[in-house]
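**Q** Numbering (my numbering), first residue to last: 627 to 841.
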Ligand code: SAH
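1. Go through its chain and collect everything with a Cβ distance to residue 837's Cβ below 7 Å, but skip five positions before and after it.
2. Straight-line CA distance for residue 689 to residue 676?
3. With a threshold of 7 Å, establish whether the CB of residue 741 neighbours any heavy atom of the ligand SAH.
4. For residue 627, which of helix, strand or coil comes out of DSSP?
5. Would you mind working out which of 645, 651, 656 and 749 sits nearest residue 632, comparing C-alpha positions?
6. Identify, in the order they occur along the chain, each residue of the same chain with its Cβ nearer than 8 Å to the Cβ of residue 685, setting aside the five sequence neighbours on each side.
7. Where residue 570 and residue 756 are concerned, what is the direct C-alpha to C-alpha distance, given to the nearest angstrom?
8. With DSSP run on the structure shown, which of helix, strand or coil describes residue 729?
9. Is it true that the stretch 739-748 meets the stretch 767-781, where meeting means three or more beta-carbon pairs spaced less than 8 Å apart?
10. With the ligand SAH as the reference, list in chain order each residue whose Cβ lies under 6 Å from any of its heavy atoms.
11. Rounded to whole angstroms, what's the CA-CA distance from residue 681 to residue 819? Just pull it up for me.
12. Using only CA atoms, which one of 692, 674 and 805 lies nearest to residue 665?
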């Protein structure tokens, strides 16, 4: 019998997202629908909805559900946006963004991860996601500016190219700190000026690249 983990998703929303203050109905709804267990390795399927990150191979992780919700909610997507995501990883966050925006441009530096997530998201029927194998710290200039940017790896500072590629009135969410812990920073661009808000502590794998950590 196939199992779609419907109950596990409901519990995840009820026990992990709502009590911690996630309240955007669109974010809660999409997280109760997307089959997170498809984005993890087969041996970890039973843990897919647990309250922590999980390994996805190549020393990378799929983010904890709450962090995915928090970052998504912070972007306040209406459905019309062009979104840039840095760090495709498993493609789980990509799927959520693709449901809540017009198009997602996602950049990943590790080829096997990009290939796998592109294949899965294609199989699931997504037609508004564009993939690029590259160093995402330089952004994706060709399609800039972006209404929203999400970086799902931790950086020492906000990469300047990402600030440049953010649209006016655009929002970016990015973990900034040292290699062991970061603060989740929300950046809003307003007529060339940047307003920053700290959304709290978090722990991500390294953003590695030209404007990130050295490999
Ligand atoms: N959102 C993903 C997170 C994966 S972990 C998920 O939930 O599955 C972070 C990802 O960022 C890793 O896949 C890592 O390879 C990638 N990454 C790190 N530095 C990068 C860079 N400079 N450009 C693109 N991707 C990068």
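Glycine included, each C-beta is placed from N, C-alpha and C at the ideal position.
**A** Based on what the coordinates show:
1. As a position in the chain shown, residue 837 is number 211, starting the count at 1. Cβ neighbours of residue 837 beyond the five flanking positions: 763, 764, 785, 786 and 787.
2. Along the chain shown, read from residue 1 onward, the residue named residue 689 stands at position 63. Along the chain shown, read from residue 1 onward, the residue named residue 676 stands at position 50. About 11 Å.
3. As a working mapping, residue 741 is identified with position 115 in the chain shown. Result no, Cβ not under 7 Å from the ligand SAH.
4. As a position in the chain shown, residue 627 is number 1, starting the count at 1. Residue confidence is low: residue 627 scores 47 on pLDDT, short of 50, so the model does not pin down where it sits. No coordinate-derived value is stated.
5. To locate residue 632, count along the chain shown from 1; it is residue 6. Selected option, being the one with the closest Cα: 656.
6. For the purposes of this step, residue 685 is taken as the residue at position 59 of the chain shown. Same-chain partners within the cutoff: 831.
7. As shown, the chain starts at 627 and ends at 841. That puts residue 570 outside it, with no answer to give.
8. As a position in the chain shown, residue 729 is number 103, starting the count at 1. Residue 729: strand per DSSP, three-state reduction.
9. no
10. 682, 686, 687, 688, 689, 712, 713, 715, 716, 718, 719, 733, 734, 735, 736, 739, 761, 762, 763, 778, 779, 831, 833, 834, 835 and 838
11. Locating residue 681 in the chain shown gives position 55, counting from the first residue. Locating residue 819 in the chain shown gives position 193, counting from the first residue. So the alpha carbons of these two residues sit roughly 37 Å apart.
12. If you number the chain shown from 1, residue 665 lands on position 39. Per the Cα distances, 674.
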